[in-house]
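Asks: Below is one structure. I have some questions about it.
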Amino acid sequence: MSAVSIPGAAGAPTHAGVPHRRMITLSIMLATIMQALDTTIANVALPHMQGSLQASQDQIMWVLTSYIVASAITLPLTGWLCGQWGRRKVFLISVIGFTVASALCGLSTSLVGIVLARLLQGVFGAALVPLSQAVLLDINPREKVGQAMAIWGAGIMVGPILGPLLGGWLTESYNWRWVFFINLPVGLFALWGIARYLPESRPGRERLDIFGFATLSLAIGMLQLFLDRGQQLDWFDSWEIKLEAAAALVAFAFFVVHTWTAQGVSFFDRNLLKDRNFLTGLLFAFIVGMILYGTMALLPNLLQSLMDYPVVYTGEVTAPRGVGTMLAMIVVGRLVHRIDVRAIMAVGFGLTAFALWQMTHLTMQMDANLIIVSGFIQGLGIGFTFVPLSTATFATLAPVLRHQGTPIYSLLRNIGSSVGISIVQALLTRGASTAHAQLAATVVPGNPGLVNLPSMLDPATTTGLAILNAEVTRQGTLIAYINDFSIMTVLTLAAIPLLLVMSSPRHAAAAAGAIDADEAAAAVEVPH
């Protein structure tokens, strides 16, 4: 292997001296796609896992949230680890660990076992996304950065595109364990490519702010426990929930105060706070994570448990979301030369809100058209949002801050995803219980709507009451799903005015002297 060194954050990359750029890109993107795929591929298999592992609906969600929260806690260490060991070595260890953890997930025979394996997946997979973004930024000259970020964005979005379809096919054709075993050949090929072609790069070595890392990790972990167990323990009626909420608040307060007052190096570089675009981009990354992954966590269970869709068909009807995303990315590459990216993002949020509003019209008698159309429109919305957001967030950030900025950006998206999944699941459980009680109150012998029911549904008999209760439960659960989609619609619309806080990358770059207007316009160009 050629001993080429990519200075990375320590200096300007010598792009001309980086051989095998295409093989490097292919290898690191395979690792990134593998990690992104695992955030969604398990979604359609959750009902099958639930039965196999004997878990309740809220417990099986830990398979999703444990992975995301472990990744969120480990993400901020990426920059420090690269400074200690070098980017190539961190990449190799991450791919090896992620692949082994995937095998352990597939071999798990209990809920505790798979949650622990998913935690390992999250720990080792955390660095893959920010490292791939940083490597692509460093090995490509400025005129190619737009194409590189489009490739990276497409890789990140492969999860929503292929995840439901591939997960459904593997679960139906084999069993749910293969949604994890599929990572083994991908991981091995990525490992070979990275070991063979990726040159070493070592950003400036930094001192680890142990107190900052510990308080941030504690805050994230306690927040996730609070969200995951709150509904199960009736929220603040439980001392456990009160302690977890207090611990999360106190730990985060210590982290903020420590970061603000630390002399010298702090775990979170305060210089990141000086960039308005970066801060606003973090907020939008959090919101996008909530909306995207919250929706993807809801739909498979809704379609399989309420609509009785087979797992493969569930993957098929949710796959058009990915088609919409890819089409939108192509369109964005052509529009960004002429239109302010904030306007493009506003269109993206508007399309996403419209798709979520469509989902509030779900009925038990509907066909799959509403799911397909709304999913495609939501995919368009995400595509119009994701790449412009990434570009605007980093347009004015100094190159020396990238190795800290990219993991923080991924961290906020991951936390948003985890919080979104936990909140929609908690709202769903509580909403279903409330709607059931309200509907059940009308199922009485004197209700004129029940007069013409068949004798088998006579509420005066035990059998009739059981059948009616099952139907009331289904209808109450559907109402809870609709309420969740309504809340996400409002959240998406409320985010649009915040775009005014963000500067246009073109104008901001010109003012700061960071990049010229043409480069800013090309920053999200998709190769045609």
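According to the numbering used here, the sequence shown holds residues 41 to 568 in order. Just so you know, even glycine gets a beta-carbon here, dropped at the ideal spot from N, CA and C.
Could you tell me whether any Cβ in chain B is nearer than 8 Å to the Cβ of D277?
Replies: Absence of chain B from the displayed structure is noted, only one protein chain being present.
Asks: Looking only at its chain, what residues have a beta carbon closer than 7 Å to the beta carbon of L540, apart from the 5 residues adjacent to it on each side?
Replies: none
Asks: Select from F307, S111, T72 the residue whose C-alpha is nearest the C-alpha of F582.
Replies: Not covered by the structure: residue 582. The range shown for the chain is 41 to 568.
Asks: When you compare the segment 305-320 with the segment 508-527, are there three or more beta-carbon pairs, one atom per stretch, that lie closer than 8 Å?
Replies: no
Asks: Around the C-beta of W120, are 16 or more other C-beta atoms found within 10 angstroms, so that it is buried, or is it exposed?
Replies: buried
Asks: Quick check: the Cα distance between A174 and M399, rounded to an integer number of angstroms?
Replies: 37 Å
Asks: Pull up the distance between the alpha-carbon of M336 and that of T529, whole angstroms please.
Replies: Going by the C-alpha atoms only, they are around 14 Å apart.
Asks: Would A563 be called buried (16 or more neighbouring beta carbons within 10 Å of its own) or exposed?
Replies: With a pLDDT of 33 at A563, under the threshold of 50, the predicted position of this residue should be treated as unreliable, though the coordinate-derived value follows. Classification for A563: buried.
Asks: Buried or exposed: which applies to R374, given that a residue is buried once 16 or more other Cβ atoms fall within 10 Å of its Cβ?
Replies: Counting the other Cβ atoms within 10 Å of the Cβ of R374 gives fewer than 16, which makes it exposed.
Asks: Alpha carbon to alpha carbon, how far is L479 from Y470? Give it in angstroms, no decimals.
Replies: Per the sequence presented here, residue 470 reads as Arg, with Tyr not at that position. Those two C-alpha atoms are separated by around 14 Å.
Asks: DSSP three-state call for G51: helix, strand or coil?
Replies: With a pLDDT of 41 at G51, under the threshold of 50, the predicted position of this residue should be treated as unreliable, though the coordinate-derived value follows. It is coil, neither helix nor strand.
Asks: Counting only the same chain and skipping the five closest in sequence on each side, list residues whose C-beta sits under 6 Å from that of Y107.
Replies: R158, Q161, G162
Asks: How is the alpha helix (DSSP H) around I379 delimited, first residue to last?
Replies: Element bounds for I379: n/a, residue is neither H nor E.
Asks: Below 8 Å on the Cβ atoms is my contact criterion, and I expect N523 with P340 to pass it. Report the Cβ-Cβ distance as a whole number of Å.
Replies: Approximately 18 Å separates the beta-carbon atoms of N523 and P340; this is outside 8 Å, ruling out the contact.
Asks: Identify the continuous alpha helix (DSSP H) that holds L77 and give its terminal residues.
Replies: Per DSSP, the continuous alpha helix (DSSP H) segment holding L77 begins and ends at 61-77.
Asks: Any contact between the segment 420-427 and the segment 358-371? By contact I mean 3 or more CB pairs, one from each, below 8 Å.
Replies: yes
Asks: Where does the unbroken alpha helix (DSSP H) through G172 begin, and where does it stop?
Replies: One detail in the question is off: residue 172 reads as Ser in this sequence, not Gly. Where S172 is concerned, the enclosing alpha helix (DSSP H) stretches over 168-179.
Asks: Looking only at its chain, what residues have a beta carbon closer than 8 Å to the beta carbon of S172, apart from the 5 residues adjacent to it on each side?
Replies: Only residues of its own chain outside the window of five on either side were considered, and among them I68, M69, A71, T72, W192, G195 have a CB closer than 8 Å to the CB of S172, listed in chain order.
Asks: Have a look at K129, L429, S430, L396 and flag the residue whose alpha-carbon is nearest the alpha-carbon of F416.
Replies: L396
Asks: In terms of residue numbering, what span does the alpha helix (DSSP H) encompassing R236 cover?
Replies: Looking at the DSSP string, the run of the alpha helix (DSSP H) that includes R236 is 223-237.
Asks: If we ignore side chains and look at the alpha-carbon of each, how far apart do I133 and L205 end up?
Replies: 29 Å
Asks: P87 lies in the alpha helix (DSSP H); which residues open and close that run?
Replies: Bounds of the alpha helix (DSSP H) holding P87 are 86-93.
Asks: In terms of residues, what are the limits of the alpha helix (DSSP H) holding H401?
Replies: Per DSSP, H401 belongs to no alpha helix (DSSP H) and is neither H nor E.
Asks: Counting only runs of 4+ residues fully inside the segment 127-172, write out the alpha helix (DSSP H) ranges in chain order.
Replies: Runs found: 127-147, 151-165.
Asks: Thinking just about the alpha-carbon of each residue, which of M385, L228, D249 is nearest to the one in A74?
Replies: Before going further, note that residue 74 is Met rather than Ala in the sequence given. Closest by alpha carbon: L228.
Asks: Report buried or exposed for A534, applying the criterion of at least 16 other Cβ atoms within 10 angstroms of its Cβ.
Replies: exposed
Asks: Could you tell me the alpha carbon to alpha carbon distance between L238 and V198, rounded to whole angstroms?
Replies: 23 Å
Asks: Only counting the same chain, and skipping five residues up and downstream in sequence, which positions put a Cβ closer than 8 Å to that of Q94?
Replies: L151
Asks: Can you list, in chain order, the residues of its chain with a C-beta nearer than 7 Å to that of D274? Leave out the 5 residues immediately preceding and following it.
Replies: none
Asks: According to DSSP, simplified to helix, strand and coil, what is A435?
Replies: coil
Asks: Return the residue from the list W218, A386, L224, M404 that minimises the CA-CA distance to Q344.
Replies: M404
Asks: When the Cα atoms are used, what is the spatial distance from F389 to I536?
Replies: 7 Å
Asks: Give me the Cβ distance between T425 and V351, rounded to the nearest whole Å; I'm assuming they're in contact under 8 Å.
Replies: 29 Å between Cβ atoms; not a contact.
Asks: Would you identify the three-state DSSP class for L505, choosing helix, strand or coil?
Replies: Of the three classes helix, strand and coil, the one that applies to L505 here is helix, per DSSP.
Asks: Here's a check: name, in chain order, each residue in its chain whose Cβ is nearer than 7 Å to the Cβ of A288, leaving out the five neighbours to either side.
Replies: Correct list, in chain order: A259, M262, L263, F266.
Asks: Indicate whether T431 and I331 have their beta-carbon atoms separated by less than 8 Å.
Replies: In this structure, T431 lies away from I331, with their beta-carbon atoms at least 8 Å apart.
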